[in-house]
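Student: Residue numbers (the UniProt record's numbering), protein chains in the order written: chain A, 1 to 331; chain B, 1 to 257. Where is the CB? At the ideal position from N, CA and C, for every residue including glycine. In this text, all values refer to a predicted model and were calculated from it rather than measured experimentally. Right, I'll just put the structure down here and ask away after.
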């Protein structure tokens, strides 16, 4: 469905060249749900804008839905749906009008466009707002309308640029419900960008971790977590001395990747945490160290990102929040 | 044909809000309306000054110029709506659709012209009780010329908006800097003749294409179809329209936001 080779894009910003995307090689199969996960400024949106013909690439080639983005942008446009980061629907227009216009833009007859608009408004729980002016809708309602507009022509390939940013969890789940229904019913390929870990983890079959304009990891969320992060075993001990001794025991295990101690707590990063924990506990007993508590946590995609870059996505996502812990302790 | 269907789609989209709230068109006709209400009554009889008309009625000389002013003030701001849509993401959504790029421009410009013609008719109807003499054929021809001129100014406004996407103040700055010189140098408010005006100002007014449109409108509304002024005015309006539409279509094609 999407095929790119060496796709790059650079911008001139005040005399400096900024490489937003540095060599993107993508193979995305029809019918998949793919997430571009990365911090703000990683190049996710720029990539999407090139794939949707909004931005000409600086170099490289991209074939989207069978058509080249540079030589046949019209061919690409006919076959894709797009939800940008901004507001798709114009503020001064009526909800139904904008949906019908969008259908007409994709060549639907007026009658078809009206019928689709009505169906989509009902499906996205917007039917009561059909006659409202777009500018009077709430953020969540407006985003649902934008989703409806991206779906009105039932595209085989759907691009969503941060589809749920700024929405409450309920609205997010609601939007995904509709997108995934389209994916299931029509086999639509979905490509979305996000800096919400949970979103990529929950909804994507395949996650591409993007940082500094490059794809630095690519796989299913489970694969990435197993290969790149591993489970986290956390042991609670009676005191710092016990913790240090427990850490030494843990380090002796062959599968263990990383052991950290924080006061009375020991954190052990290892694949297959469920099988490693009993072994670890037996070894501790044998050396006479007592673990008071023990738990295994499945890794998150944030752990994957941390392993790959040494930074966490959460810090990036919260970069504009004034209270970041000075010692870099992770939540 | 796709380009025609697409033009209709773009046009219908823009027109719908105007039809739902027709009072909105009163705002962009404030300027000529105020001049007609608060300035025109002060005019002395113009004699043969600005194009040789019936000396008895200042309206006869003044009104055609006001319609050109309407053409300028009503359509010159058209780009502002596009500018808003460019910063909100709405324009981007249109760019991802297969809508023909020329149709996206022409559809918008046509809507501006429909509003302009409605406003012009409204002004002419308001003037019916005055001693302004309306010649139906002349008025029709005058409105047709105004349409061509309005398409051009509207398209130029969109072009300016497309080129101001990275710096919105550019749009409003350029618009303000151009609007008043064009207006004042067109002889809309006072006749600019070789006898009455300083030489440099007269030359500037002759460079201004709007001058020719104004003079042609005066001739047409007087029913003087055969005058050279009409030909010059038609040529000037057509030149503005061709330039505006060509630049606008080019801008739309190159619009990567």
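1. Using three-state DSSP, classify residue 106 of chain A as helix, strand or coil.
2. Decide yes or no for the touch test of the segment 182–201 of chain A against the segment 157–164 of chain A: beta carbon pairs closer than 8 angstroms, at least 3 of them.
3. Residue 82 of chain A bridges to which residues according to DSSP?
4. With DSSP collapsed to three states, give me the class of residue 2 of chain A.
5. Cutting at 6 angstroms between CB atoms, please list the residues of its own chain near residue 36 of chain B, excluding the five before and the five after it.
6. In its own chain, which residues sit with a C-beta less than 6 angstroms from the C-beta of residue 172 of chain A, not counting the 5 before and 5 after it?
7. Could you check how far apart the C-beta atoms of residue 57 of chain A and residue 17 of chain A are, in whole angstroms? I think they sit under 8 angstroms.
8. Would you mind reading off the limits of the alpha helix (DSSP H) that contains residue 201 of chain A?
9. Report yes or no: is there a C-beta of chain B within less than 8 angstroms of the C-beta of residue 66 of chain A?
10. Does the CB of residue 88 of chain B have a neighbour CB from chain A at under 8 angstroms?
11. Please name the residue in A:239, A:312, A:304 and A:311 whose C-alpha comes closest to that of residue 293 of chain A.
12. Residue 7 of chain B CB to nearest chain A CB: under 8 angstroms?
13. For the alpha helix (DSSP H) containing residue 244 of chain A, list its first residue and its last residue.
14. Would you mind stating whether residue 143 of chain B and residue 109 of chain B have Cβ atoms separated by less than 8 angstroms?
15. Taking only three categories from DSSP, how would you classify residue 27 of chain A?
16. Specify the secondary structure class of residue 112 of chain B as computed by DSSP and reduced to three states.
17. State the CB to CB distance for the pair residue 236 of chain A and residue 265 of chain A, rounded to an integer number of angstroms; the pair is presumed to be in contact (CB under 8 angstroms).
18. From what residue to what residue does the beta strand (DSSP E) around residue 168 of chain A run?
19. DSSP three-state call for residue 127 of chain A: helix, strand or coil?
20. If I measure Cβ to Cβ from residue 241 of chain B and keep anything under 6 angstroms in the same chain, skipping five residues before and after, which residues do I get?
21. Is the Cβ-Cβ distance between residue 119 of chain A and residue 103 of chain A less than 8 angstroms?
22. Does the segment 78–90 of chain A touch the segment 223–231 of chain A, meaning 3 or more C-beta pairs lie closer than 8 angstroms?
23. Please decide whether residue 95 of chain B counts as near chain A, where near means a Cβ-Cβ distance under 8 angstroms.
24. Ignore the nearest five residues each way along the sequence and tell me which others in residue 160 of chain B's own chain have a CB closer than 7 angstroms to its CB.
25. For chain B, is any of its Cβ atoms less than 8 angstroms away from the one on residue 41 of chain A?
26. Using the three-state DSSP reduction, which class does residue 93 of chain A fall into: helix, strand or coil?
27. How far does the beta strand (DSSP E) with residue 236 of chain A in it reach, from first residue to last?
28. Suppose contacts are defined by Cβ-Cβ distances below 8 angstroms. Is residue 187 of chain B in contact with residue 214 of chain B by that definition?
29. Which residues in chain B sit within 9 angstroms of residue 97 of chain A, going by Cβ to Cβ distance?
30. Can you check whether the C-beta of residue 86 of chain A is within less than 8 angstroms of a C-beta belonging to chain B?
31. Figure out for me which residue from A:279, A:252, A:178 and A:72 has the closest Cα to the Cα of residue 124 of chain A.
32. Might you give, ordered along the chain, the residues of its own chain that have their beta carbon closer than 6 angstroms to the beta carbon of residue 98 of chain A, omitting 5 neighbours on each side?
33. Candidates B:237, B:104, B:207 and B:112: which alpha carbon is nearest residue 249 of chain B's?
34. Is the beta carbon of residue 336 of chain A sitting closer than 8 angstroms to the one on residue 309 of chain A?
35. Can you give me the C-alpha to C-alpha distance between residue 286 of chain A and residue 269 of chain A, rounded to a whole angstrom?
36. Quick one: what's residue 297 of chain A bridged to in DSSP?
Tutor: Straight from the coordinates:
1. In the structure shown, residue 106 of chain A falls within a coil segment according to DSSP collapsed to helix, strand and coil.
2. The segment 182–201 of chain A and the segment 157–164 of chain A touch, with no fewer than 3 CB-CB distances between them shorter than 8 angstroms.
3. In DSSP, residue 82 of chain A forms a bridge with A:159.
4. Assignment of residue 2 of chain A by DSSP, reduced to helix, strand and coil, places it in the strand class.
5. Cβ-Cβ distances below 6 angstroms link residue 36 of chain B to 66 in the same chain, with the five nearest sequence neighbours on each side left out; the list follows chain order.
6. Closer than 6 angstroms at the Cβ level, and outside the excluded window around residue 172 of chain A, lie 164.
7. Residue 57 of chain A to residue 17 of chain A, Cβ: 15 angstroms. No contact.
8. In the DSSP annotation of this structure, the continuous segment of the alpha helix (DSSP H) that includes residue 201 of chain A starts and ends at 197–203.
9. Chain B, which has no Cβ nearer than 8 angstroms to the Cβ of residue 66 of chain A, makes this no.
10. Yes, its Cβ sits closer than 8 angstroms to a Cβ of chain A.
11. Considering only alpha carbons, the answer is A:239.
12. Answer no: the Cβ-Cβ gap between residue 7 of chain B and chain A never drops below 8 angstroms.
13. Note, residue 244 of chain A: alpha helix (DSSP H), 240–251.
14. Going by beta carbons, residue 143 of chain B and residue 109 of chain B fall outside the 8 angstroms limit.
15. Assigned with DSSP and collapsed to three states, residue 27 of chain A falls in strand.
16. Residue 112 of chain B falls in the helix class under three-state DSSP.
17. Their Cβ separation, rounded to whole angstroms, is 6 angstroms, which keeps residue 236 of chain A and residue 265 of chain A in contact under 8 angstroms.
18. Note, residue 168 of chain A: premise wrong, no beta strand (DSSP E); not H, not E.
19. For residue 127 of chain A, the secondary structure class from DSSP, reduced to helix, strand or coil, is helix.
20. Once the five neighbours on either side are set aside, the close Cβ partners of residue 241 of chain B are 148, 151 and 152.
21. 8 angstroms or more divides the Cβ of residue 119 of chain A from the Cβ of residue 103 of chain A.
22. Counting C-beta pairs closer than 8 angstroms gives fewer than three between the segment 223–231 of chain A and the segment 78–90 of chain A, which falls short of the contact rule.
23. Among the residues facing chain A, residue 95 of chain B is included, as its CB has a counterpart in that chain under 8 angstroms away.
24. For residue 160 of chain B, where only same-chain residues beyond five positions count, the Cβ hits under 7 angstroms are 79, 171, 174 and 175.
25. Chain B contact via Cβ: absent.
26. Residue state for residue 93 of chain A is assigned as coil, using DSSP reduced to three classes.
27. If you look at residue 236 of chain A, you'll find it in the beta strand (DSSP E) that goes 231–237.
28. When the beta-carbon positions are compared, residue 187 of chain B and residue 214 of chain B come within less than 8 angstroms of each other.
29. Going along chain B in sequence order, the residues near residue 97 of chain A (Cβ under 9 angstroms) are 12, 13, 16, 17 and 20.
30. Yes, contact with chain B.
31. Ranking the options by Cα distance to residue 124 of chain A, first place goes to A:178.
32. So the list reads 89, once near-sequence residues are dropped.
33. If you compare the alpha carbons of B:237, B:104, B:207 and B:112 with that of residue 249 of chain B, the shortest gap goes to B:104.
34. Since the first and last residues shown for chain A are 1 and 331, residue 336 of chain A lies out of range.
35. The alpha-carbon atoms of residue 286 of chain A and residue 269 of chain A are separated by roughly 21 angstroms.
36. According to DSSP, which records beta bridges pairwise, residue 297 of chain A is partnered with A:232.
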